[in-house]
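Below is one structure, written out as structure tokens; the observations come after it.
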Amino acid sequence: MNTRIALFAGASLLALHAAAVAQEAATTELNEIVVSGQGDPTAPTEGYVAKSAASGTKTGAPVLETQRSVSVVTRDEIDDRGAQTLGQALSTTAGVVGEPFGADPRFDSPVLRGFDMRNAQYLNGLRLMRSQGAPSYDIYGLERVEVLKGPASSLYGSGTPAGVINMEQKHAQFKDAYEAGTGLSIDGDAEVFFDANKALTDAFAARVTGKLAKTEEDIDELTNKRGYLGLATRWSPSDATTIDFLGSYQKDSPITPAGIPFALTGQGNDEDLRDLYAGDASVDDSDRRMSNIGYELHHEFDSGWALDQSARYQKFDWDYTGFYVSTLTAPSTINRGVIFQDEDTWTANLDTRFSGDLQTGVVDHKLLFGLDLRKYGDNTTTQFATSSALDISNPTPATVGAPWYTKTDDLTLEQAGIYAQDELSLDKWRATLGIRHDWTDQQGTSTNNFSGATIIDQQDSATTSNVGLSYVFDSGFAPYVSYATSFDPEIGTDIDGNQLNPTTGEQWEIGVKYQPTSFEGLFSVALYDLTQDNVSVTVSEGGLSGTRQIGQVKSRGLEIEGAAEIAMGWSVKAAYSYNDAEQVGTNDGKMPANMPRHTGSLWLAYDFAEDTALEGLTLAGGIRYIGERFGDNANTYELDPVTLVDLAAKYKVTEKATLAVNVNNLTDETYVANCGSFGCYYGSGRSVMGTLTVRW
Numbered sequence: 020m021n022t023r024i025a026l027f028a029g030a031s032l033l034a035l036h037a038a039a040v041a042q043e044a045a046t047t048e049l050n051e052i053v054v055s056g057q058g059d060p061t062a063p064t065e066g067y068v069a070k071s072a073a074s075g076t077k078t079g080a081p082v083l084e085t086q087r088s089v090s091v092v093t094r095d096e097i098d099d100r101g102a103q104t105l106g107q108a109l110s111t112t113a114g115v116v117g118e119p120f121g122a123d124p125r126f127d128s129p130v131l132r133g134f135d136m137r138n139a140q141y142l143n144g145l146r147l148m149r150s151q152g153a154p155s156y157d158i159y160g161l162e163r164v165e166v167l168k169g170p171a172s173s174l175y176g177s178g179t180p181a182g183v184i185n186m187e188q189k190h191a192q193f194k195d196a197y198e199a200g201t202g203l204s205i206d207g208d209a210e211v212f213f214d215a216n217k218a219l220t221d222a223f224a225a226r227v228t229g230k231l232a233k234t235e236e237d238i239d240e241l242t243n244k245r246g247y248l249g250l251a252t253r254w255s256p257s258d259a260t261t262i263d264f265l266g267s268y269q270k271d272s273p274i275t276p277a278g279i280p281f282a283l284t285g286q287g288n289d290e291d292l293r294d295l296y297a298g299d300a301s302v303d304d305s306d307r308r309m310s311n312i313g314y315e316l317h318h319e320f321d322s323g324w325a326l327d328q329s330a331r332y333q334k335f336d337w338d339y340t341g342f343y344v345s346t347l348t349a350p351s352t353i354n355r356g357v358i359f360q361d362e363d364t365w366t367a368n369l370d371t372r373f374s375g376d377l378q379t380g381v382v383d384h385k386l387l388f389g390l391d392l393r394k395y396g397d398n399t400t401t402q403f404a405t406s407s408a409l410d411i412s413n414p415t416p417a418t419v420g421a422p423w424y425t426k427t428d429d430l431t432l433e434q435a436g437i438y439a440q441d442e443l444s445l446d447k448w449r450a451t452l453g454i455r456h457d458w459t460d461q462q463g464t465s466t467n468n469f470s471g472a473t474i475i476d477q478q479d480s481a482t483t484s485n486v487g488l489s490y491v492f493d494s495g496f497a498p499y500v501s502y503a504t505s506f507d508p509e510i511g512t513d514i515d516g517n518q519l520n521p522t523t524g525e526q527w528e529i530g531v532k533y534q535p536t537s538f539e540g541l542f543s544v545a546l547y548d549l550t551q552d553n554v555s556v557t558v559s560e561g562g563l564s565g566t567r568q569i570g571q572v573k574s575r576g577l578e579i580e581g582a583a584e585i586a587m588g589w590s591v592k593a594a595y596s597y598n599d600a601e602q603v604g605t606n607d608g609k610m611p612a613n614m615p616r617h618t619g620s621l622w623l624a625y626d627f628a629e630d631t632a633l634e635g636l637t638l639a640g641g642i643r644y645i646g647e648r649f650g651d652n653a654n655t656y657e658l659d660p661v662t663l664v665d666l667a668a669k670y671k672v673t674e675k676a677t678l679a680v681n682v683n684n685l686t687d688e689t690y691v692a693n694c695g696s697f698g699c700y701y702g703s704g705r706s707v708m709g710t711l712t713v714r715w
């Protein structure tokens, strides 16, 4: 293990342990630990410690009693760290590389335990569908972000074996609260925002959230303008019934940097290349719109059983034109091309659940039965065109040729799943049993100008499960073990003409969680062994080239994570991950793309006490470490490790007004975040953002 990483991990653990010991020593009376009824996962959470999660079991079970790794990033943490994207919010989460593709405003594509998570993102427990990865959702509209790690098909259906990322939108609350503010950065970023929640009656509340922002990238010529509007209402016609309406509309104009050929990086001029504009302002164009409308119903019957139903309709449209780079033909000449994309997609989600308590002898059961339906329509045209090369020393306007490749997809995906779950309690023992069966149907055509039209008519089905066991000690420790499986359909046929089977995943995980009895905190250590099978591999047999499902991805690792509100105004969030991932088959023995062996983070915040000269001031700072990794599965592009430093300060100017300053990447480290066949992309440089927020 790298000495610096070992010291970093040890320092993080030592800080957490020392804080816990100090707090325990300062407490003369221990409070009884509470392991149930620890709050509504959709409600605001004070501080960094969230004790319940909506995604782990779909029942809001305590994180301590969930026999899986579950990480929660609260609204307070997002605000304190000045996170502007989902990737930035997840950068202190164990096992996650938050921004593996650098500063790309189009998508949030975190990597979790060695797997790409762009198609494993959920909003309010329902999947955000898009064939090429979920679009970025403005996180100002979110209350929290949850990461359920490991196969989750027994609750959520088809998906990556690494888990799910669930974003909880701000819900209406029966409490009046108002917020408005503005922000400016030294780079020219500007934003205004508001969040107004009003309890209109004892039974009806409404909430409106909005934001207008202009974000300047490191490349001066690229600007993303975004508008977000969220609407939420909550109606409780009786003590037994609650209905939440949730809607949002987002419009923006993101354009990714065109990239830099790998051969140019690491030659001593990366700082200049990070700012290089390889596109053409007269050609680049982006217009993206995303609408969501849905509801959540909760009704409790007299029998003690409850009905929960979540539904959402999503519409997504995007017209995009942007540049990409390929090879370097001269010391300062870059070959490049242009992508044209026209997307029109929609998704309908419906998840219905019945839950209730049952006792058999001395064993208590919380039973859950569900029906999950999803339909997704995709009409997308993608074109690639040639462009004149770019001479860095003498840039000229681009000349764009006619498209040489055109692909049009007209596809429909339907999925239906039925599932059951039993959460068992026997004294201090806890267990979870879950099983689900899914049917998927993919229909439509995929047409390109090289091979013509391909008819898609594919049906798959799979049964997945999970099982977990833990023991909750009075001291707050809860060791656990779990096993879970997953599946994900694959489109196409193998070299023999047989329909491809779904990829399958399975994971064993053992660990221990600790929820202190004397202060707010939650800590976890997990060891996992995760495998994905039926991975498609390109083979040549008898003079023919085709696909065999003989590939495999193995991911084994250690994750340590903790968050605490400790004595004398200190708050802490720390994480360390070690991942030993490799591919079997094609790229045999090589690491998956964007998966460092070591990552770590440490964030500390200090609130100055009342009745002191610095009352109202909070100072915070942290470090993030991303270890050596590769930009592609073939391990062609090796990327150097990087350590990033962040600082923050906020001051209560008045009882209602707070001024905050966030500095990310304090030392302005220039580093390559990703490399591939379409070029290399840099991580974000130093940013300094000041915000003024008024709450009443």
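For the sequence shown, my numbering begins at 20 and goes up steadily by one.
A virtual CB, placed ideally from N, CA and C, is assigned to each residue, including glycine.
Within its chain, find whatever has a CB closer than 6 Å to the CB of N681; leave out the 5 residues flanking it on each side and keep chain order.
-> G101, A667 and M708
Quick one: what's got a C-beta closer than 7 Å to V183's C-beta in the same chain, skipping five residues either side?
-> S74, A139, Y141, L167, A171 and Y175
Quick one: residues in its chain with C-beta nearer than 8 Å to the C-beta of V54, no 5 flanking neighbours on either side, listed in chain order?
-> Note that V54 scores a pLDDT of 39, beneath 50, so its modelled location is shaky; the value from the coordinates is reported in the next line. Answer for V54: P81, L83, E84, V491 and Q534, listed in chain order.
Starting from D349, trace the beta strand (DSSP E) both ways and give me its first and last residue.
-> The sequence given here has Ala at residue 349, not Asp. A325 to A349 is the span of the beta strand (DSSP E), which, as asked, contains A349.
Run through DSSP, which three-state label would A282 get?
-> helix
Would the beta-carbon of A225 fall within 7 Å of that of K217?
-> Taking 7 Å as the cut-off, the beta carbon of A225 is found closer than this to the beta carbon of K217.
Are L488 and V500 close, meaning C-beta to C-beta below 7 Å?
-> Going by C-beta atoms, L488 is nearer than 7 Å to V500.
Assigned exposure category for E560 - 16 Cβ within 10 Å defines buried = exposed
In three-state terms, what does DSSP make of S110?
-> helix
In three-state terms, what does DSSP make of L105?
-> helix
Go through its chain and collect everything with a Cβ distance to R137's Cβ below 7 Å, but skip five positions before and after it.
-> F126, S128, G152 and A153
For N613 versus V116, is the C-beta spacing smaller than 7 Å?
-> Yes.
Where does M708 fall in DSSP's three states?
-> strand
Pick from W423, G608, A481 and D383: whose alpha carbon is nearest that of I454?
-> A481
In angstroms with no decimal places, state the Cα-to-Cα distance between E187 and C694.
-> 32 Å
Please report the Cβ distance between D336 and D363, rounded to the nearest whole angstrom; I am assuming they are in contact, meaning their Cβ atoms lie under 8 Å.
-> 5 Å
Mind listing, in chain order, the continuous beta strand (DSSP E) runs of no fewer than 3 residues lying wholly within the segment 501 to 570?
-> Qualifying beta strand (DSSP E) stretches, in chain order: 522 to 533 and 539 to 560.
Assign D304 to one of three DSSP states: helix, strand, or coil.
-> strand
Using DSSP bridges, identify the partner residues of N311.
-> Residue pairing of N311 in beta bridges, as defined by DSSP: S267 and Q333.
Keeping to the same chain, check which residues put their C-beta closer than 6 Å to that of I411; ignore five residues upstream and five downstream.
-> S351
Beta-carbon spacing of N185, E162 below 7 Å = no
How many angstroms separate the CA atom of D95 from the CA atom of L638?
-> 14 Å
Taking the continuous alpha helix (DSSP H) assigned at L292, which residues delimit it?
-> D289 to R293
C-alpha gap between T47 and T710, whole angstroms = With a pLDDT of only 36 at T47, under the threshold of 50, the placement of this residue in the model should not be trusted, and no figure is reported.
Cβ contact (3+ pairs, closer than 8 Å) linking the segment 456 to 470 and the segment 427 to 434 = Yes, the segment 456 to 470 is in contact with the segment 427 to 434.
Does the beta-carbon distance from H317 to T261 come in below 7 Å?
-> yes
Starting from the Cα of N354, find the closest Cα among G396, K394, L283 and R307 and give me that residue.
-> L283
Just curious, the beta strand (DSSP E) that A623 is in, first and last residue?
-> Looking at the sequence provided, one finds Leu at residue 623 rather than Ala. Run containing L623: H617 to D626, per the beta strand (DSSP E) assignment.
With DSSP run on the structure shown, which of helix, strand or coil describes Y690?
-> coil
Does the segment 360 to 379 come close enough to the segment 322 to 332 to have 3 or more Cβ pairs within less than 8 Å?
-> yes
DSSP state of M610, grouped into three classes?
-> In this structure, DSSP gives M610 a state outside helix and strand, which the three-state scheme calls coil.
Classify D98 as helix, strand or coil using the three-state DSSP reduction.
-> Here D98 sits in helix by DSSP.
Go ahead and pull the three-state DSSP assignment for M587.
-> helix
So Q571 packs on V544, CB below 8 Å; how close in whole Å?
-> Their Cβ separation, rounded to whole angstroms, is 27 Å, which puts Q571 and V544 out of contact at 8 Å.
Using DSSP with H/G/I as helix, E/B as strand and the rest coil, what is L577?
-> In this structure, L577 counts as strand in the three-state DSSP scheme.
If we count Cβ pairs, one from each stretch, closer than 8 Å, do we get three or more for the segment 202 to 214 versus the segment 515 to 529?
-> no
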